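Enquirer: Below: one structure in structure tokens.
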Amino acid sequence: MQSGLRSKLLEAFSNAEGGFVSGQKLSEYIGCSRTAVWKHIEDLRKDGYELEAVRRLGYRITKKPNKISDNEIKIGLKTMKMGHHVHFEETVSSTQKIAQTLANEGAEEGTIVVAEQQTNGRGRMARQWYSPSGTGIWMSLIIRPNIAVQAAPQLTLLTAVAIVQAIEEITPLKPDIKWPNDILINGKKLVGILTELQAEADRVHSIIIGTGINVNQSISDFPEELHHVATSIHLETDKQWDRAQLIQEILLKFENLYSLYLAQGFRPIKLLWEGYAVSLQKPITARTINGTVVGKAIGINDAGVLLIQTSDGSVKQIYSADIEL
Ligand code: BTN
Numbered sequence: 001m002q003s004g005l006r007s008k009l010l011e012a013f014s015n016a017e018g019g020f021v022s023g024q025k026l027s028e029y030i031g032c033s034r035t036a037v038w039k040h041i042e043d044l045r046k047d048g049y050e051l052e053a054v055r056r057l058g059y060r061i062t063k064k065p066n067k068i069s070d071n072e073i074k075i076g077l078k079t080m081k082m083g084h085h086v087h088f089e090e091t092v093s094s095t096q097k098i099a100q101t102l103a104n105e106g107a108e109e110g111t112i113v114v115a116e117q118q119t120n121g122r123g124r125m126a127r128q129w130y131s132p133s134g135t136g137i138w139m140s141l142i143i144r145p146n147i148a149v150q151a152a153p154q155l156t157l158l159t160a161v162a163i164v165q166a167i168e169e170i171t172p173l174k175p176d177i178k179w180p181n182d183i184l185i186n187g188k189k190l191v192g193i194l195t196e197l198q199a200e201a202d203r204v205h206s207i208i209i210g211t212g213i214n215v216n217q218s219i220s221d222f223p224e225e226l227h228h229v230a231t232s233i234h235l236e237t238d239k240q241w242d243r244a245q246l247i248q249e250i251l252l253k254f255e256n257l258y259s260l261y262l263a264q265g266f267r268p269i270k271l272l273w274e275g276y277a278v279s280l281q282k283p284i285t286a287r288t289i290n291g292t293v294v295g296k297a298i299g300i301n302d303a304g305v306l307l308i309q310t311s312d313g314s315v316k317q318i319y320s321a322d323i324e325l
């Protein structure tokens, strides 16, 4: 089926919000004959959609395939800009790499790169990010804010807030944020965020925000060494979740917070972030490349830098570290 026709057909079902759409309406909406509609419906079935057909009422989608695609992300997307350009691939080495190339080629702000699987997913501190096929959200978003290089970490904290808000909106979970941007449930990691910067002189050229979200993994989908440190939304709720819907909600929450940030600066974002943070006002250990700092996390400053008060009363600024609570 031509991708334009498929989008129109899926759009018609999306507009009906789970209800029936008559064959007549579908043929008018996508501009083809009733016989052609029937053929397109059969194509959707072959691709894993389950549809119910009832005489006089028409068709309705009862189950969507557990796949992410360009269409699944775009249809029903409520943003003004974020996610309007989707670069989707089945398997990539890292969505970050592709997003960097697209950004260099002038991709518009809000462009996303999404893959079903990454063979070489990148994590913070040069770690690997485990990204098996068909279970999680492996996504990189390109933004081009007109901000100074030092302000870039603020966007990482903003993204963490957007993802927590989206998870809270769609699932019953109430995640925590561990500085700077790990999203946890019951102390186990659900989401990782990797922010990479392309800058010219002292201005940001583009920021690539990479998000890895464990959505539908069972325990056996994780390698043994991650069993006690990682979790998925499925493991915490015993349900399978629609990844495309989660992506849409994340993009919407991100867009709202990003507009607030561009209009009013980091202050309102900082307040929201602090509301979700588990690492504040507690004794913590921060392992940085320059050594370990032990003390009490007393907050973040206006640049998003973590402040730790050590036993001698001095306050250390932590720009990048692994945190142990
Ligand atoms: C972390 O170490 O916590 C950050 C993990 C970030 C993983 C995401 S998955 C999508 C994007 N592509 C990558 O290669 N990494 C990020």
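Each residue of the sequence shown is one higher than the last, beginning at 1 in UniProt numbering. Every residue gets a Cβ at the ideal spot worked out from N, C-alpha and C, and that includes glycine. Treat the numbers as computed from the prediction; the structure is a model and nothing was measured.
Rounded to whole angstroms, what is the Cα-Cα separation between arginine 124 and threonine 195?
Expert: 9 Å
Enquirer: In whole angstroms, give me the CA-to-CA distance for glutamate 50 and glutamate 116.
Expert: Each residue's Cα considered, the two are about 21 Å apart.
Enquirer: Indicate the three-state DSSP secondary structure (helix, strand or coil) for leucine 173 in the structure shown.
Expert: Three-state DSSP puts leucine 173 in coil, outside helix and strand.
Enquirer: Look at arginine 122 and serine 93 and say whether their C-beta atoms are less than 7 Å apart.
Expert: no
Enquirer: At what residues does the beta strand (DSSP E) containing proline 268 begin and finish?
Expert: Proline 268 -> not in any beta strand (DSSP E); alpha helix (DSSP H) instead, spanning 267-276.
Enquirer: Compute the minimum distance between the beta carbon of serine 320 and the heavy atoms of the ligand BTN, and state whether it is under 6 Å.
Expert: Closer than 6 Å to some heavy atom of the ligand BTN: that does not describe the Cβ of serine 320.
Enquirer: Name the one or two DSSP bridge partners that phenylalanine 88 has.
Expert: Val114
Enquirer: Rounded to whole angstroms, what is the Cα-Cα separation between glutamine 281 and isoleucine 298?
Expert: 5 Å
Enquirer: Let's see if you can read the secondary structure: which residues bound the alpha helix (DSSP H) around arginine 45?
Expert: 34-46
Enquirer: Hey, would you say valine 161 sits closer than 7 Å to leucine 272, going by beta carbons?
Expert: yes
Enquirer: When the Cα atoms are used, what is the spatial distance from valine 114 to glutamine 240?
Expert: 19 Å
Enquirer: Let's see if you can read the secondary structure: which residues bound the beta strand (DSSP E) around tyrosine 261?
Expert: It is not in any beta strand (DSSP E) - tyrosine 261 instead sits in the alpha helix (DSSP H) that spans 243-264.
Enquirer: On the CB-based measure, 16 or more other CB atoms within 10 Å of its CB, does arginine 6 come out buried or exposed?
Expert: buried
Enquirer: Closer than 6 Å by C-beta to leucine 260: which residues in its own chain qualify, once you throw out the five before and the five after it? Chain order, please.
Expert: Pro268
Enquirer: What span of residues does the beta strand (DSSP E) with alanine 53 cover, start to end?
Expert: 50-54
Enquirer: At what residues does the alpha helix (DSSP H) containing isoleucine 284 begin and finish?
Expert: Looking at the DSSP string, isoleucine 284 is not in any alpha helix (DSSP H); the run it does join, the beta strand (DSSP E), is 283-288.
Enquirer: For histidine 205, which three-state DSSP category applies?
Expert: strand
Enquirer: Taking the beta carbon of arginine 45 as the centre, do at least 16 other beta carbons fall within 10 Å, making it buried, or is it exposed?
Expert: exposed
Enquirer: Suppose you measure from the CA of alanine 152 to the CA of aspartate 221; what does that come to, to the nearest Å?
Expert: 34 Å
Enquirer: Please classify alanine 166: does DSSP put it in a helix, a strand, or coil?
Expert: Alanine 166 falls in the helix class under three-state DSSP.
Enquirer: Here's the rule I'm using: 16 or more other beta-carbon atoms within 10 Å means buried, otherwise exposed. How should glycine 295 be labelled?
Expert: buried
Enquirer: On the criterion of 16 or more Cβ atoms from any shown chain inside 10 Å, does histidine 40 qualify as buried, or is it exposed?
Expert: buried
Enquirer: For a quick check, are the C-beta atoms of glutamine 165 and lysine 253 less than 7 Å apart?
Expert: yes
Enquirer: In whole angstroms, give me the CA-to-CA distance for glycine 275 and proline 175.
Expert: 11 Å
Enquirer: If you draw a straight line from the C-alpha of residue 354 to the C-alpha of threonine 310, how long is it?
Expert: The chain is shown from 1 up to 325; residue 354 falls before or after that span and cannot be answered.
Enquirer: Can you find the residues in the same chain that come closer than 6 Å, C-beta to C-beta, to aspartate 322, ignoring five residues on each side of it along the sequence?
Expert: Arg287
Enquirer: From arginine 131 to glutamine 118, what does the alpha carbon distance come to, in whole angstroms?
Expert: One point to set straight first is that residue 131 is serine, not arginine, in the sequence displayed. Roughly 5 Å between the two C-alpha positions.
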